Amino acid sequence: MSFGKRLLEARKKKGISQEEMASHLGTKGPAIGRYERDEMKPSIDAATKMAKVLGVSLDWLVGITDMELDAATLGRIQDINKLSQKDKELVFEFLDSFIANRKIKNVLQ
Numbered sequence: 001m002s003f004g005k006r007l008l009e010a011r012k013k014k015g016i017s018q019e020e021m022a023s024h025l026g027t028k029g030p031a032i033g034r035y036e037r038d039e040m041k042p043s044i045d046a047a048t049k050m051a052k053v054l055g056v057s058l059d060w061l062v063g064i065t066d067m068e069l070d071a072a073t074l075g076r077i078q079d080i081n082k083l084s085q086k087d088k089e090l091v092f093e094f095l096d097s098f099i100a101n102r103k104i105k106n107v108l109q
């Protein structure tokens, strides 16, 4: 999916108009339309601001990854990353057990 399509999808999902998005970036609505139609590419600073306003990762917005992480999930991952190695292992052990449990439940249903 192109940058413009991702921008459009994220903006609509967030319920923000082109004009509102433009005001966050200090530009005009037509510029957002050109980005969404892939007629123009934003600067890295503008793309970073867009990602923050939309609550998505810059990697997803520019197409580096297809995994769409919202700001809350990304914040949790960053918090886990700040833990000691021992605490990280405990968190991952819990997550692995929880995920395995859910997979088993889904198979049994």
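full-length UniProt numbering numbers the first residue of the sequence shown as 1 and each following residue consecutively.
Glycine included, C-beta positions come from ideal geometry on N, C-alpha and C.
Nothing here was measured: the structure is a model prediction, and the numbers come from that model.
Check	Outcome
C-beta atoms of D38 and K5 nearer than 9 angstroms	yes
Distance, A10 Cα to L54 Cα	6 angstroms
Segment limits, alpha helix (DSSP H) that includes I77	A71 to N81
Range of the contiguous alpha helix (DSSP H) that encloses Q18	Q18 to L25
Spatial neighbours of G33 in its chain, beta-carbon cut-off 7 angstroms, leaving aside the 5 residues before and after	Q18
Residues sharing a beta bridge with V56, DSSP	D70
K12: first and last residue of the uninterrupted alpha helix (DSSP H) it sits in	F3 to K14
Inter-residue spacing [alpha-carbon to alpha-carbon] between M21 and A72	20 angstroms
Span separating the alpha-carbon of S43 from that of L25	11 angstroms
Per-residue DSSP class, three states only, for P42	coil
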